[in-house]
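Engineer:
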């Protein structure tokens with residue numbers, strides 16, 4: 013939030029000293045946690061409302077910042093993804109900017125960023141970004157999910173950002189998640205609720221309806237859970253809904269105790 017990215021010890025419930033304050037970076041808008049297979053180090057990527065993106069890593073129990081940069085023509089960062097097999101970072105911003113970066117370590121252990129591509133997509137308002145995991149090459153293609161009226165999705169060439177395909181889900185996208193093992197992607201239609209789509213033929217499989225109680229619509233996080241057997245989604249009136257992925261049956265309705273906007277959900 014407005015206090016930037018904060019770290020907490022889950023065993024003591026005490027704040028951990030962070031490597032950098034919020035400063036001029038702005039409020040945190042996205043956080044992605046990564047654990048690399050080749051080294052037992054926790055890594056956090058964050059984006060902010062002023063277009064900054066940065067990386068913190070836990071080295072021998074101490075968190076340190078490995079890089080911090082600001083995008084050109086900065087607007088809030090809305091999506092970040094990292095591919096551990098190629099050490100590539102991709103991000104998108106609400107202003108329509110999409111970037112890919114290569115992340116390599118220098119002799120001091122700090123990350124050295126090399127820009128792979130940067131482009132602007134008009135009238136997209138990106139809300140989420142993902143690597144195309146079906147692509148096993150070193151230049152994996154990129155999917156970008158947008159929030160404008162028709163819910164556009166762009167497939168971009170991984171090494172250049174060139175548009176390869178474009179299609180839409182028919183309504184504004186508030187959030188998106190992909191399960192490449194099942195070949196499915198899940199989007200938050202801010203009018204209707206979570207929608208499940210099959211990637212191979214861009215066919216809608218199922219809708220998980222969630223009503224809105226506002227005259228205006230707010231984005232909701234959507235997540236796969238329990239091995240992608242359930243769907244989890246928040247709402248704007250203090251509830252978290254859990255659906256069966258296959259049947260669409262609502263399994264649980266969790267009350268957070270206050271009728272407020274549930275901005276973030278996470279599933280381990």
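In the working numbering, the protein residues as written are 13 to 280. Idealized CB from N, CA, C, for every residue including glycine. In this text, all values refer to a predicted model and were calculated from it rather than measured experimentally.
Tell whether a beta-carbon distance below 8 Å holds between residue 257 and residue 241.
Structural biologist: Against a cut-off of 8 Å, the Cβ pair of residue 241 and residue 257 comes out as a contact.
Engineer: Please list the terminal residues of the continuous beta strand (DSSP E) segment that includes residue 37.
Structural biologist: That residue, residue 37, is in no beta strand (DSSP E); it is neither H nor E in DSSP.
Engineer: Looking at C-beta atoms only, is the number of pairs between the segment 198-214 and the segment 172-188 that lie closer than 8 Å three or more?
Structural biologist: In short, these stretches touch, since the Cβ pair count reaches three.
Engineer: Pick from 17, 266, 220 and 218: whose alpha carbon is nearest that of residue 66?
Structural biologist: Among 17, 266, 220 and 218, the Cα nearest to that of residue 66 belongs to 17.
Engineer: Do residue 192 and residue 145 count as a contact pair if the criterion is CB distance below 8 Å?
Structural biologist: Yes, they are a contact pair.
Engineer: Who does residue 177 pair with in a DSSP beta bridge?
Structural biologist: Residue 177 is bridged to 167.
Engineer: Within the continuous beta strand (DSSP E) that includes residue 144, where are the two ends?
Structural biologist: No beta strand (DSSP E) contains residue 144, which DSSP labels as neither H nor E.
Engineer: Taking just the CA atoms, how far does residue 265 sit from residue 250?
Structural biologist: So the two alpha carbons sit approximately 10 Å from each other.
Engineer: If you reduce the DSSP assignment to three classes, tell me which class residue 93 lands in.
Structural biologist: If DSSP states are grouped into helix, strand and coil, residue 93 belongs with the strands.
Engineer: Can you give me the C-alpha to C-alpha distance between residue 14 and residue 42, rounded to a whole angstrom?
Structural biologist: Distance between the alpha carbons of residue 14 and residue 42: 12 Å.
Engineer: Between residue 230 and residue 279, what straight-line distance do the alpha-carbon atoms span, to the nearest angstrom?
Structural biologist: Taking the straight line from one Cα to the other gives about 21 Å.
Engineer: If we ignore side chains and look at the alpha-carbon of each, how far apart do residue 221 and residue 83 end up?
Structural biologist: Each residue's alpha carbon lies about 36 Å from the other.
Engineer: Just mark residue 253 as buried or exposed, buried being the case when its beta carbon has 16 or more other beta carbons within 10 Å.
Structural biologist: Buried.
Engineer: Quick one: is residue 153 buried, meaning 16 or more other Cβ sit within 10 Å of its Cβ, or exposed?
Structural biologist: Counting Cβ neighbours within 10 Å, residue 153 comes out buried, since at least 16 surround it.
Engineer: Rounded to a whole number of angstroms, what is the C-alpha to C-alpha distance between residue 70 and residue 31?
Structural biologist: About 10 Å.
Engineer: I'd like to check one pair, residue 169 with residue 235: are the Cβ atoms closer than 8 Å?
Structural biologist: Going by C-beta atoms, residue 235 is not nearer than 8 Å to residue 169.
Engineer: If you draw a straight line from the C-alpha of residue 63 to the C-alpha of residue 94, how long is it?
Structural biologist: C-alpha separation (whole angstroms): 17 Å.
Engineer: Whose C-alpha, out of 20, 137 and 142, is nearest the C-alpha of residue 161?
Structural biologist: Of 20, 137 and 142, the residue nearest in Cα terms is 137.
Engineer: Which class does residue 138 belong to by DSSP, given the choice of helix, strand or coil?
Structural biologist: Note: residue 138 maps to strand in three-state DSSP.
Engineer: Which residue wins for smallest C-alpha separation from residue 171, given the options 248, 110, 151 and 255?
Structural biologist: When each option's Cα is compared against that of residue 171, the closest is 151.
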